[in-house]
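Protein sequence lines, in the order shown, are assigned to chains C and H.
For the first sequence, the numbering used here gives the first residue as 551, with consecutive numbering after it.
For the second sequence, the numbering used here gives the first residue as 551, with consecutive numbering after it.
Quick notes on the structure that follows.
Number of protein chains: 2
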Amino acid sequence: MPYKERDIEKQYFTIGEVAAQFNVAPSLIRFWETEFEELRPRKSKKGNRLYTPQDVDIFRTIYHLVKERGYTIPGARDMLKQKGPQLKEKIDVIQSLEKVRKFMVTMKKELDAIGKAQQG
Amino acid sequence: MPYKERDIEKQYFTIGEVAAQFNVAPSLIRFWETEFEELRPRKSKKGNRLYTPQDVDIFRTIYHLVKERGYTIPGARDMLKQKGPQLKEKIDVIQSLEKVRKFMVTMKKELDAIGKAQQG
DNA sequence: ATGTCGCGCTCTTTGTAGGGCATGGGGGCA
DNA sequence: TGCCCCCATGCCCTACAAAGAGCGCGACAT
Numbered sequence: 551m552p553y554k555e556r557d558i559e560k561q562y563f564t565i566g567e568v569a570a571q572f573n574v575a576p577s578l579i580r581f582w583e584t585e586f587e588e589l590r591p592r593k594s595k596k597g598n599r600l601y602t603p604q605d606v607d608i609f610r611t612i613y614h615l616v617k618e619r620g621y622t623i624p625g626a627r628d629m630l631k632q633k634g635p636q637l638k639e640k641i642d643v644i645q646s647l648e649k650v651r652k653f654m655v656t657m658k659k660e661l662d663a664i665g666k667a668q669q670g
Numbered sequence: 551m552p553y554k555e556r557d558i559e560k561q562y563f564t565i566g567e568v569a570a571q572f573n574v575a576p577s578l579i580r581f582w583e584t585e586f587e588e589l590r591p592r593k594s595k596k597g598n599r600l601y602t603p604q605d606v607d608i609f610r611t612i613y614h615l616v617k618e619r620g621y622t623i624p625g626a627r628d629m630l631k632q633k634g635p636q637l638k639e640k641i642d643v644i645q646s647l648e649k650v651r652k653f654m655v656t657m658k659k660e661l662d663a664i665g666k667a668q669q670g
């Protein structure tokens, strides 16, 4: 199976895809691009932004700092410059713990449901 | 020496004294009082705010989060609720390290001065 | 002693610059 | 037709600062 141009290209996400993934407006991503020099994706000949998974990781880190932790943009910028790499690791851990938590919550619900069924 | 009313009262700082200590406007301290329930000092009969050293510690923590770390006020509020006590310890460490740093900088300057004097 | 003047500090209420985006116009590519 | 581009402008809060008014206390005269 001969690979096509598309298959190579598709290592990238469009701005719309990234926006959908985080449930934010594309305008926010463009705005942050002006604020964080770390978030400057490659662009296609046409001018469209091409986000690699690494770019998405950077975006995720910024999102975490600004939207979940409550940093100002300058605050997040400083934090990113100082602890960019370490931060990514931490956020990965947080996210996997979040998944575990969700799993346990649904487990609890099911167990509760069983308990009530037997009781009532 | 019989103590007087004044001596008891003087365990407190006025808003102006606290403001001077951190080099901020009193209006900022009053504003933060509306934003952080932890920062609600006692008031005199007249209505003036009376800050205990503990109140000042709380203010210092908020100051650290908002002005040095770059948290938004909601972000600082969350952080304070979760990690208030541990945070104080950390900030104490940071502050003593800051003092050490200043000391070393002045030492370096003096050493440089000596070096140049001998050289030139 | 006692009025009272003024100064510094405080109070509460109101005003406001700018941070953090969203929206709209004009246009290109598939 | 739908998603993207760039720019300019709009706009709503956030995070305070300024304004206006009221004590209290030392000084100085009475």
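Cβ coordinates follow ideal geometry from the N, Cα and C atoms, glycine included.
All values derive from a computational prediction rather than experimental measurement.
Legend entry - Residues within the stretch 623–648 of chain H neighbouring chain C, beta-carbon criterion of under 9 Å: Ile-623, Pro-624, Gly-625, Ala-626, Arg-627, Asp-628, Met-629
Inset, instruction - Answer yes or no: do Leu-600/H and Ile-612/H have a C-beta to C-beta separation smaller than 8 Å? - result: no
Inset, instruction - Mind reading off the beta-carbon distance from Gln-561/C to Thr-602/C? Whole number of angstroms is fine, and I expect it under 8 Å. - result: 7 Å
Inset, instruction - Identify the continuous alpha helix (DSSP H) that holds Phe-581/C and give its terminal residues. - result: 576–585
Legend entry - Separation of Asp-607/C from Asp-628/H, as counted between CA atoms: Approximately 25 Å, taken between the alpha carbons.
Inset, instruction - Quick one: list the residues of chain H neighbouring Arg-619/C, beta-carbon separation under 7 Å, in chain order. - result: Gly-625
Inset, instruction - Taking the CB atoms as reference points, tell me whether Gly-620/C and Pro-624/H lie closer together than 8 Å. - result: yes
Inset, instruction - Please classify Leu-661/C: does DSSP put it in a helix, a strand, or coil? - result: helix
Inset, instruction - Determine the extent of the alpha helix (DSSP H) in which Glu-588/C is found, giving its start and end residues. - result: Looking at the DSSP string, Glu-588/C is not in any alpha helix (DSSP H), and its letter there is neither H nor E.
Legend entry - Val-574/H versus Val-616/H, Gly-634/H, Lys-593/H, residue with shortest Cα-Cα distance: Val-616/H
Inset, instruction - Take the Cβ of Phe-586/C as the centre, count every other Cβ of all protein chains shown within 10 Å, and call the residue buried at 16 or more, exposed below. - result: With 16 or more other Cβ atoms within 10 Å, it is buried.
Inset, instruction - Pick helix, strand or coil for Tyr-562/C, following the three-state DSSP scheme. - result: For Tyr-562/C, the three-state secondary structure derived from DSSP is coil.
Inset, instruction - Assign Asp-662/H to buried or exposed, taking buried as 16 or more other Cβ atoms, counted over all protein chains shown, within 10 Å of its Cβ. - result: Asp-662/H is classed as exposed because its beta carbon has fewer than 16 other beta carbons within 10 Å across all chains shown.
Legend entry - Bridge partners - Leu-600/H, DSSP secondary structure assignment: Arg-592/H
Inset, instruction - Determine the direct distance from the alpha carbon of Gly-665/C to that of Met-654/C, and round the result to whole angstroms. - result: One C-alpha to the other measures close to 16 Å.
Inset, instruction - For my contact list, Leu-637/C and Phe-609/C are in at a C-beta cut-off of 8 Å; report their separation, rounded to the angstrom. - result: Actually they do not touch by this definition, with Cβ atoms about 13 Å apart.
Legend entry - Cβ-based neighbour list, Ala-569/C, same chain, cut-off 8 Å, excluding 5 preceding and 5 following: Ala-575, Pro-576, Leu-578, Ile-579
Inset, instruction - Under 6 Å Cβ to Cβ from Ile-565/C, same chain only, skipping five residues before and after it: list those, please. - result: For Ile-565/C, where only same-chain residues beyond five positions count, the Cβ hits under 6 Å are Pro-576, Ile-579, Arg-599.
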